[in-house]
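The sequence shown runs 5 to 327 under the working numbering. For each residue, glycine too, the CB sits at the ideal point set by N, CA and C.
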Amino acid sequence: MKIGSAELENRIFLAPMAGVTDMPFRVLCKEQGCGLVFTEMVSAKGMHYNDDKSTKLTLLDEKEKPGAVQIFGSEPEIMAEVAEKLDRSDAGIIDINMGCPAPKITKNGEGSALMKKPELVAKIVKAVSGATKKPVTVKIRKGWDDSLANAVEIAGIAEENGACAVTVHGRTREQYYSGKADWDIIKQVKRAVSIPVIGNGDVTGPEAAKRLFEETGCDAVMVGRGAQGNPWIFNQINKYLEEGIIIPAPTAEQKIQTIIRHMNMLIEYKGERTGILEMRSHIAWYIKGLRDAAYTKQKLFKLTNKEEIFNLLQSFLLRQENT
Ligand SMILES: Cc1cc2nc3c(=O)[nH]c(=O)nc-3n(C[C@H](O)[C@H](O)[C@H](O)COP(=O)(O)O)c2cc1C
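#1: Going by DSSP, what residue range makes up the beta strand (DSSP E) through glutamine 74?
#2: Please state if the CB of isoleucine 75 and the CB of glycine 141 are separated by a distance shorter than 8 Å.
#3: For the alpha helix (DSSP H) that leucine 90 lies in, which residues bound it at each end?
#4: Taking the beta carbon of tyrosine 290 as the centre, do at least 16 other beta carbons fall within 10 Å, making it buried, or is it exposed?
#5: Please state the DSSP three-state secondary structure of glutamate 178.
#6: Determine the DSSP secondary structure at arginine 295, reduced to helix, strand or coil.
#7: Under the three-state reduction of DSSP, which class applies to asparagine 101: helix, strand or coil?
#8: Since I believe glycine 103 is in contact with glycine 113 (beta carbons under 8 Å), could you give me their beta-carbon distance rounded to a whole number of angstroms?
#9: Are alanine 48 and valine 86 closer than 8 Å when you measure CB to CB?
#10: Fully enclosed by the segment 133-199, which alpha helix (DSSP H) runs are 4 residues long or longer?
#11: Check whether the segment 263-283 and the segment 239-253 are in contact - that is, three or more C-beta pairs closer than 8 Å.
#12: Report back the beta-carbon spacing between valine 31 and glutamate 81 to the nearest angstrom; my notes put them in contact at under 8 Å.
#13: Work out the CA separation of isoleucine 260 and leucine 294 for me, nearest whole Å.
#14: Could you pull the DSSP bridge partners for isoleucine 202 from this structure?
#15: If we count the other Cβ atoms within 10 Å of its Cβ and call it buried at 16 or more, is alanine 19 buried or exposed?
#16: Is serine 319 helix, strand or coil when you go by DSSP?
#17: Which residue comes first and which comes last in the beta strand (DSSP E) that contains leucine 18?
#18: Given that a residue counts as buried once 16 or more other Cβ atoms are within 10 Å of its Cβ, and exposed if not, what is aspartate 188?
#19: Here's the rule I'm using: 16 or more other beta-carbon atoms within 10 Å means buried, otherwise exposed. How should methionine 139 be labelled?
#20: Looking at C-alpha atoms only, which residue of Leu124, Met51, Pro105, Asn101 is the closest neighbour of leucine 90?
#21: By DSSP's criteria, phenylalanine 42 is part of a beta bridge. Which residues make up the other side?
#22: With DSSP collapsed to three states, give me the class of lysine 6.
#23: Sorted by chain position, which residues of the same chain lie with C-beta nearer than 7 Å to glycine 228's C-beta, five sequence neighbours on each side aside?
#24: Is lysine 146 near aspartate 186, with beta carbons less than 8 Å apart?
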């Protein structure tokens, strides 16, 4: 599949998730056959002011290419300036966030608040597309709320102004991440535009991915929370779509091995202190559903040192084998 000039191996993508889709996790998802990874959203203003933290979030490993870098903001000039910077970076695709529901973002007119301002959407997409030769994509929601479910209109505006693909998360801003995603809105957008449409919302396994393709006609499927602590989901979905086979979940031992690799990569990338703090959430997702997960999680969040976490994981693993 292609998005603009970016050639992708398959149609199953990892969603941008702040605090989740760090570089090590994205690499693990790629290893499991993910077709396209997105960075978490990066502040255009932060990049404009040369904030190191923001710029670091846009860096991609060789193994994740072509990866998408997602930016958020509301000022077309600043967004264009940042797109120009990213034009000289390793970003394979530049994605614009028009879906974030968090008040600290929407109160500045950014994220999903943009869906209330179609003219500004046009200006932003035009400015960003005009500032880079890289494909530009836009990630939207169903709308702001049920009285303003304007995904079809916003997707059309994005297409007219140079977007090469649009992702539709089938929830309104009012819903945040709760309730069921409305896949019908994805189908409506697919019918209305000619650029690729990426369907998103509630894909938690292979069967759901297949259904989303079938029910909406979307060109690609984006997996969010279903991938937390579960990079194997990409291999599972691909195998199911290609061969109709359901691959069993990894064993506890495979999970622990992956956790340790992830932790080492995260420490290398972010330093020991931040790496460990951020890894604790990942570990809680990885071990969810296994024996003694709740008890282990409680202990885990008190630990700040790699050795202690390693020991906790070893005794956790022993308890799995003893069942
Ligand atoms: C913890 C978390 C962080 C997220 N961060 C972002 C983000 O940075 N940018 C974005 O466009 N969407 C973000 N999202 C939304 C997801 O990309 C996705 O649209 C949403 O989770 C719905 O997909 P799902 O039902 O498969 O989880 C985030 C979601 C979660 C749960």
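Short version:
#1: It spans 72-76 - the beta strand (DSSP E) in which glutamine 74 sits, taken as one unbroken run.
#2: At residue 141 the sequence reads threonine, which differs from the glycine that was named. Contact: no.
#3: It spans 80-91 - the alpha helix (DSSP H) in which leucine 90 sits, taken as one unbroken run.
#4: By the neighbour-count criterion, in which 16 or more other beta carbons inside 10 Å mark a residue as buried, tyrosine 290 falls on the buried side.
#5: Coil.
#6: Correct three-state label for arginine 295: coil.
#7: DSSP places asparagine 101 within a strand segment (E or B) once states are collapsed to three.
#8: Contact doesn't hold; Cβ gap of about 14 Å is too wide.
#9: Judged by beta-carbon spacing, valine 86 lies within the 8 Å limit of alanine 48, meaning their Cβ atoms are closer than that value.
#10: Correct list: 155-164, 187-196.
#11: No: the two stretches stay apart, fewer than three of their Cβ pairs being nearer than 8 Å.
#12: With 8 Å as the limit, valine 31 and glutamate 81 do not qualify as a contact, their Cβ atoms being about 34 Å apart.
#13: Those two C-alpha atoms are separated by around 11 Å.
#14: The partner list for isoleucine 202 (beta bridge, DSSP) reads Thr171, Ala224.
#15: Alanine 19 comes out buried.
#16: Serine 319: helix per DSSP, three-state reduction.
#17: 16-18 is the extent of the beta strand (DSSP E) around leucine 18.
#18: By the neighbour-count criterion, in which a residue is buried when 16 or more other Cβ atoms sit within 10 angstroms of its Cβ, aspartate 188 is exposed.
#19: The sequence shown places proline at residue 139, rather than the methionine named in the question. Counting Cβ neighbours within 10 Å, proline 139 comes out buried, since at least 16 surround it.
#20: For the set Leu124, Met51, Pro105, Asn101, the Cα lying nearest the Cα of leucine 90 is the one of Met51.
#21: Paired residue(s): Ala72.
#22: If DSSP states are grouped into helix, strand and coil, lysine 6 belongs with the strands.
#23: Here the set comprises Ala19, Met21, Asn204.
#24: Contact flag set, yes.
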